[in-house]
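> In terms of our numbering, the sequence shown has 71 at position 68, counting the first letter as 1, and numbering is strictly consecutive.
Yeah, the Cβ is synthetic: ideal placement off N, Cα and C, and Gly gets one too.
As the structure is a computational prediction, the values presented were derived from the model and not from experiment.
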Amino acid sequence: MNQTQALGSQPISKLLFKFSVPCVTGLLIGALYNIVDQIFIGNSSLGYLGNAATGISFPIICIANAFAWRVKA
């Protein structure tokens, strides 16, 4: 059974779990990376200015990823 047939025949709860777990895992890894990055940059010579720069760039990177990862039907 291919993925299109699975979307039409499998229960919603099973599909929700199947598709949400990889998504949530990826978001948690990205958030953890951002936290660790903030700690290292905050303890460097850049200090609060480096944290401000990464705080501004992280949402921009997330938006760019959203456009880059979109799926064409």
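How should I15 be labelled, buried or exposed, when 16 other C-beta atoms within 10 angstroms of its C-beta is the threshold for buried?
Under this definition I15 is an exposed residue.
> Distance, Cα to Cα, N68 vs S12?
Distance between N68 and S12, taken at the CA atoms: about 31 Å.
> F61 and N37: beta carbons closer than 8 Å?
yes
> Compute the Euclidean distance between the alpha carbons of Y51 and R73, then round it to the nearest angstrom.
As the crow flies, the alpha-carbon of Y51 is around 34 Å from that of R73.
> For a test of the three-state rule: what should DSSP assign to N54, helix, strand or coil?
helix
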